[in-house]
Structures are given as C-alpha cells and as structure tokens.
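Asks: Its first residue numbered 358, the sequence shown is counted upward by one per residue in the numbering used here. We put the CB at the ideal spot given by N, CA and C, even for glycine. This structure is a prediction, so every number in the text was calculated from the model and none was measured. Quick one: the structure is below, and I'll ask about it shortly.
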Amino acid sequence: YAAPGPGGGGTRVARARLGEKGLQDLEVIFDMERKTPAQQHFGSRLAFDEQGFLYISTGDRGERHRAQDLGDAAGKVLRVTDSGGIPADNPFVGQAGALPETFTYGHRNIQGMARHPETGAIWSHEHGPQGGDEINILAPGVNYGWPLITHGREYTGEPVGQGLAAAPGLASPLLHWTPSIAPSGMTFYTGEAFPEWRGNLFVGALAGQHLARLVLDGERVVAEERLLEGAVGRIRDVRQGPDGLLYLLTDAPNGSLLRLEPAP
358 YAAPGPGGGG TRVARARLGE KGLQDLEVIF DMERKTPAQQ HFGSRLAFDE QGFLYISTGD
418 RGERHRAQDL GDAAGKVLRV TDSGGIPADN PFVGQAGALP ETFTYGHRNI QGMARHPETG
478 AIWSHEHGPQ GGDEINILAP GVNYGWPLIT HGREYTGEPV GQGLAAAPGL ASPLLHWTPS
538 IAPSGMTFYT GEAFPEWRGN LFVGALAGQH LARLVLDGER VVAEERLLEG AVGRIRDVRQ
598 GPDGLLYLLT DAPNGSLLRL EPAP
C-alpha cells in the first residue's frame, strides 16, 4: 500500500493474520526508505514463488532515474522472506551500494505479477509511457531497461532519452503493447470451467477497458483475444477463483466485482 512518511510517501508491505475480529498482529515487513511527494507509480503487486519467497514490485515514483539506481528501492522487484528477511541467494547480496532485497531493476510501474503454474517463473507486466506496455519474465539480477530503452514515447510525442527500443545488456520484453492498453492485474488460467483457456494468460486493461486473453507457446505469445471490450469499464485486477471461474475488479467511483462463467 502507499504509506506516508518523512518527505512524502512510498510503497509499504505489511503482513497480518485474519482473525474473527479483523486483522491481528500487523507487522510491516518492507518500507521504501526514500519518500517523495510524487503521487504516481507506487506499484505494487505481490507474488510468492515455489520456495515461499515474496516478490514485491515498486514503481519508479515518477522519478525515472531511480529505476537504474541499485541503492534505491524504486523501480524494482524485491525478493524477501515472508517476514521481510533477505534470501541468501538474492543477486545483489554483498554488492556495495546495492540493496540486498533487489531481484530485478529498470522497471517503470509494474501493475501485474503472477507465478507460472508449470515453470514456477514469476511473470510481470508494466506500464510504458505513451506506448510500450511490457510483459516480462523475471530473472535474477536482470536490468529491464527503463528509462534507457522503451517502445513508448514521452507524452509530448518526443523520444524517451535517446529513443532506443533495445540495447545490449538490457532485457527486451516478451510482448509490448503500442499503443498502450494500461495493463493491470494478471493471472494464468488453470481451472476446469473454461477448458479451452487452460494455460492462457489473462491481463486486465485500464485505458483499453478490456480483458486480454493471451495464448502461449512456452515463453512466446502466439495469439491475443480482447474480451469484454468497452463492456465493463476499466479492469483493475483479474483472478481465478477456487471454483475455476474468472473474477474481475473494475476501477471506478462505483466499481464492481464481476464473475465470468462459460456461456451456454
């Protein structure tokens, strides 16, 4: 959640137990040290891997240079234990000037993160500026390039930085959306209710106002279908329920929790 502090605000993560009277034993396990009055790009999505480690995405807070600074938690994916400890095999443990919780860097604003049900890899997507929304597969120590490379442009129409879409040593996205759809929320479908969709990746769209269904072949996206386009508004999150149905959360002053089931 976005939390206030000296100098402004930053991304914070807490854990608690859900008891009969609400949340109990609330404990903060991560707090972005450098606060700023900026109002955008907090992130944040959470995902657990097969070892039980927690991945935390943070936005660049609208201060894009921070994404390339290994001593700054902004514009990163952090990897910690479920109590906030540092895994010994994190890629920057022991490196001078680097935060030991950092797993990947060079991110603009991750709004979706999910564990692949077969490989266990953590997949993410993030907003580009004007175009260049990305899907990435996270790997330890990798630089995903923001703001050095992007398929998007400044909102003025000018190039970002040197106008590079790719560069040596910087990871290119698995997929990019240009123009932007403003992706938000992401889940792999593994249920029985929609057997033809098993193994597909679902992504909500805010600006695009649709649910993207991505057909995968390993680590390649081979087809895309846009569902509910313009029908329910801005989609903030998508999850698979224990009943195998898909649940959507819309982003509006009077938002909705929607359940999708197979048509007759």
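If you follow the beta strand (DSSP E) that T623 is part of, which residue opens it and which one closes it?
Replies: Any property of residue 623 remains undetermined from this structure, which presents the chain solely from 358 to 621.
Asks: By DSSP's criteria, Y604 is part of a beta bridge. Which residues make up the other side?
Replies: As a position in the sequence shown, residue 604 is number 247, starting the count at 1. According to DSSP, Y604 bridges with R596, R616.
Asks: Which two residues bound the contiguous beta strand (DSSP E) that contains F545?
Replies: Against the sequence shown, residue 545 aligns to sequence position 188. Segment 540 to 545, the beta strand (DSSP E) holding F545.
Asks: What residue range is occupied by the uninterrupted beta strand (DSSP E) comprising A580?
Replies: Position 223 of the sequence shown holds residue 580. Start and end: 577 to 584.
Asks: At 4 residues or longer, and completely inside the stretch 458 to 537: list those alpha helix (DSSP H) runs for me, N to C.
Replies: With a minimum length of 4 residues, no continuous alpha helix (DSSP H) run stays inside the stretch 458 to 537.
Asks: Could you have a look at R418 and say whether DSSP puts it in helix, strand or coil?
Replies: Mapped onto the sequence shown, residue 418 falls at position 61. Here R418 sits in coil by DSSP.
Asks: Spatial neighbours of E576 within its chain, please: C-beta separation below 7 Å, excluding the five flanking residues on both sides.
Replies: If you number the sequence shown from 1, residue 576 lands on position 219. Taken in chain order, the residues that qualify are I494, L531.
Asks: Which partner residues does G365 have in the DSSP bridge list?
Replies: Looking up residue 365 in the sequence shown gives position 8. Per DSSP, G362.
Asks: Closest to A373 by CA distance: which of L456, T535, I386 is it?
Replies: As a position in the sequence shown, residue 373 is number 16, starting the count at 1. If we check each option's Cα against that of A373, I386 comes out closest.
Asks: Would you kindly report the start and end of the unbroken beta strand (DSSP E) that includes Q452?
Replies: Here residue 452 refers to the residue found at position 95 when the sequence shown is read from its first residue. Neither: Q452 is in no beta strand (DSSP E) and is coded neither H nor E.
Asks: Here's the rule I'm using: 16 or more other beta-carbon atoms within 10 Å means buried, otherwise exposed. How should Q396 be labelled?
Replies: Taking the sequence shown and counting its residues from 1, the one referred to as residue 396 is at position 39. With fewer than 16 Cβ atoms within 10 Å of its Cβ, Q396 is classed as exposed.
Asks: Excluding the 5 residues flanking G362 on each side, which residues of the same chain have their C-beta closer than 6 Å to its C-beta?
Replies: As a working mapping, residue 362 is identified with position 5 in the sequence shown. Same-chain partners within the cutoff: K392.
Asks: Cβ atoms of G454 and G428: under 7 Å apart, would you say?
Replies: Looking up residue 428 in the sequence shown gives position 71. Looking up residue 454 in the sequence shown gives position 97. Yes, Cβ-Cβ distance for G428 and G454 is below 7 Å.
Asks: Any idea what DSSP makes of Q381, helix, strand or coil?
Replies: Reading the sequence shown from its first residue, position 24 is the one you call residue 381. In the structure shown, Q381 sits in a strand (DSSP, three-state: E or B).
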